[in-house]
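Colleague: According to the UniProt record's numbering, the stretch in the sequence shown is residues 56 to 504, in order.
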Amino acid sequence: NNPPWPAYRGYHEYSFAHATMGHRLPTILGKAIDDAVTTLNTLSDEGEILDLADCIERMGELMVDLSENHKLRPIIDDGEGDVALWNKEIAKYFQGKDFMNAPWLFAEAYKYRRLHECFSVSKHWRMYDVFARQKCDTFSRSQDAVFELSMRFAEPFKHSSNITQEERLEREKFMFLELTQVCLWGNSTDLSLLINMTEEQLKSLQSTGGEHLAATEKNILGNHMENLWETAKDIRGGRIDFVLDNAGFELYCDCVYADYLIQSGLASQIRFHGKRIPWFVSDVTKRDWEWLLNIMVYGQLFPTASEAELESLRRLGQRWKQYEKEGKWIYEQHPFWCTGYTFWDLHSEAPDLFLHLSKSDLVIFKGDLNHRKLTYDCAAPPNTAFDEAIGPMASAPGAPIVCSLRTIKSDVVVGLPNRAIADKLDEAEPGWKISGKYAVVLLSEGRPG
Ligand code: F6P
Ligand code: MG
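1) How big is the Cα-Cα spacing for lysine 166 and lysine 178?
2) Taking the beta carbon of aspartate 192 as the centre, do at least 16 other beta carbons fall within 10 Å, making it buried, or is it exposed?
3) Going by DSSP, name the residue or residues bridged to residue 559.
4) Give the DSSP-derived three-state secondary structure of serine 490 in the structure shown.
5) By the 10 Å Cβ neighbour count, where 16 or more other Cβ atoms means buried, how is glutamine 198 classified, buried or exposed?
6) Quick check on the DSSP output: what are the complete beta strand (DSSP E) runs of length 3 or more inside the segment 102-133, in order along the chain?
7) Just mark isoleucine 218 as buried or exposed, buried being the case when its beta carbon has 16 or more other beta carbons within 10 Å.
8) Under the rule that 16 or more other beta-carbon atoms within 10 Å means buried, what is leucine 135, buried or exposed?
9) Is threonine 394 near the ligand F6P, judged by its Cβ being under 8 Å from some heavy atom?
10) What do you reckon, is the C-beta of asparagine 217 under 8 Å from a heavy atom of the ligand F6P?
11) Please give me, in chain order, every unbroken run of the alpha helix (DSSP H) with length at least 4 that falls completely inside the segment 361-447.
12) In the DSSP assignment, find the unbroken beta strand (DSSP E) run with serine 323 in it and report its ends.
13) Quick one, are the C-beta atoms of leucine 160 and alanine 62 less than 9 Å apart?
14) Report, in whole angstroms, the separation of the C-beta atoms of cysteine 238 and tryptophan 180, which I expect to be a contact under 8 Å.
15) For threonine 286, which three-state DSSP category applies?
16) Which value, in whole angstroms, describes the spacing of the CA atoms of tyrosine 148 and proline 158?
17) Enumerate in chain order the residues of its own chain whose CB-to-CB distance from leucine 348 is below 7 Å, with the five nearest sequence positions on each side excluded.
18) Does the beta-carbon of residue 526 have 16 or more other beta-carbons within 10 angstroms, so that it is buried, or is it exposed?
19) Just tell me which of Gln318, Ser319 and Asp338 has its CA closest to the CA of phenylalanine 327.
20) Name the two residues that bound the continuous beta strand (DSSP E) containing aspartate 296.
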């Protein structure tokens, strides 16, 4: 049940795994410790202070394990629903492995679970999110792109009555493709990579204008957008699932897209899948989901915005909250999403989730990490067919139609029409696999149950 190619590991010096395990993860953990210390310094209750100081001490121990490359130990039974899944995987495959020689994908996920454990065994801080400050902050610094979208999309879509059916479909397709790209490129703002980004850098990443989108389509190296549109038309009125990636601006873009899918009638229900615990710095938790919708309606994040801009954001937020009330939008958080398993194991390790997804008409996986999990994060040739690269998620009976919307931020690249594209970029732009400048939109037709 494994692909024939080797999975990336931290000791592979040629891969981004090496820099991530050796430098990026300790830096991220250091910032997380700073965040907990900032909180500690605001406290007055002695019980809470001592309890948080213990959490900080445990984070220090994790830092030693990580930077000295210790062996991976089992997760402490902190009463969470995922402990058995974690420890089964460690016992079965990773006994005696350390952070550098375990598969990168597993070791990186394990680090975030260990970070959660620093808090989950405490009394007062079980739900503490060391990344919450950063997540909120980046959204508040995304003002230009946030209002560009809200000013355009707050007003509900109107279908002109005096056009032919064909024209109507043509317009619908145009909007669908444009918003697919908005949703896709929303993924390039990722906090785990873009620590200390300036406002200008953010702006250029988040530019959503029409011209910009036409120019960026050539950066979609494996591009199944036409097939995606055909699928969307076929499933009209069905259920679409989003396996979410990052909070803040990316989630906002996902919601703009999902809003269009509902208004156009392409979908009648959208299910959003988020994370149960703080994950890979910027991933969406329930709290981030609620924060976004409420801050849009009630927040005061943008003091320099005009009344019209603020009103557009409020209207969007109110509409989205209404979708939730009506059951058109549903937020879910299955524990499997925060394990170290790849999605090659989804049908066997989380059969309930697989069954649930198999009832969906289209499952959209957002972002780089989900793409790594779909593809087993292994060194597959870049022209490997997407279906082949995702194994059981395409071939197991009941596999749903799967689409990956991903800006490329790590080594694994599949679904390109030929190898030459990757070879040329390797030559001309050595950092192309981690810059987020390039993307893939890949579709698998699934397999009826
Ligand atoms: O640390 C590397 C990584 O896991 C890569 O997958 C990617 O660079 C980033 O973290 C997460 O990106 P995304 O938020 O798009 O999944
Ligand atoms: Mg992420």
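Ideal Cβ positions, reconstructed from N, Cα and C, are used throughout, including at glycine.
Modeller: In terms of the structure at hand:
1) Position 111 of the sequence shown, counting from 1, holds the residue named residue 166. Position 123 of the sequence shown, counting from 1, holds the residue named residue 178. Distance from the CA atom of lysine 166 to the CA atom of lysine 178, rounded to whole angstroms, is 21 Å.
2) As a first step, residue 192 is located in the sequence shown; it is residue number 137 there, counting from the start. In this structure aspartate 192 is exposed. Its beta-carbon is surrounded by fewer than 16 other beta-carbon atoms within 10 angstroms.
3) Shown here, the chain extends from 56 to 504; a query on residue 559 therefore has no answer.
4) Working through the sequence shown from its first residue, we reach residue 490 at position 435. Three-state result, serine 490: coil.
5) To locate residue 198, count along the sequence shown from 1; it is residue 143. Taking all protein chains shown into account, glutamine 198 has 16 or more neighbouring C-beta atoms within 10 Å of its C-beta and is therefore buried.
6) Along the segment 102-133, the beta strand (DSSP E) does not occur as any fully enclosed run of 3 or more residues.
7) The residue you call residue 218 lines up with position 163 of the sequence shown. Using a 10 angstroms sphere on the CB of isoleucine 218, the tally of other CB atoms stays under 16, which defines it as exposed.
8) Taking the first residue of the sequence shown as position 1, residue 135 is located at position 80. A small fix is needed here, since residue 135 is glutamate in this sequence, not leucine. Taking every protein chain shown into account, the CB of glutamate 135 has 16 or more other CB atoms within 10 angstroms, so this residue is buried.
9) For the purposes of this step, residue 394 is taken as residue 339 along the sequence shown, with counting starting at 1. No, Cβ of threonine 394 sits at least 8 Å from all heavy atoms of the ligand F6P.
10) As a first step, residue 217 must be located in the sequence shown, where it is residue number 162. False, no ligand heavy atom lies under 8 Å from that Cβ.
11) Those alpha helix (DSSP H) runs which fall completely within the segment 361-447 and span 4+ residues are 362-380, 401-404, 406-413, 422-429 and 441-444.
12) Against the sequence shown, residue 323 aligns to sequence position 268. From DSSP, the beta strand (DSSP E) with serine 323 extends over 322-328.
13) Residue mapping note: residue 160 aligns to position 105 of the sequence shown, counting from 1. Residue mapping note: residue 62 aligns to position 7 of the sequence shown, counting from 1. With respect to alanine 62, leucine 160 sits close: the two C-beta atoms are nearer than 9 Å.
14) Along the sequence shown, read from residue 1 onward, the residue named residue 238 stands at position 183. Along the sequence shown, read from residue 1 onward, the residue named residue 180 stands at position 125. Not a contact, Cβ separation roughly 34 Å.
15) Taking the sequence shown and counting its residues from 1, one reaches residue 286 at position 231. DSSP places threonine 286 in the helix class (H, G or I) of the three-state scheme.
16) Here residue 148 is taken as the residue at index 93 of the sequence shown, counted from 1. Here residue 158 is taken as the residue at index 103 of the sequence shown, counted from 1. In this structure, the straight-line span from the alpha carbon of tyrosine 148 to that of proline 158 is close to 10 Å.
17) Along the sequence shown, one-based indexing puts residue 348 at 293. Within the same chain, Gly372, Trp375 and Lys376 come within 7 Å of leucine 348 by CB-CB distance, once the 5 residues on both sides are set aside.
18) The displayed coordinates of the chain run from 56 to 504. Any statement about residue 526 would go beyond what the structure contains.
19) The residue labelled residue 327 in the question sits at position 272 within the sequence shown. Measuring from the Cα of phenylalanine 327, the nearest candidate turns out to be Asp338.
20) Numbered from 1 along the sequence shown, position 241 holds the residue referred to as residue 296. It spans 293-298 - the beta strand (DSSP E) in which aspartate 296 sits, taken as one unbroken run.
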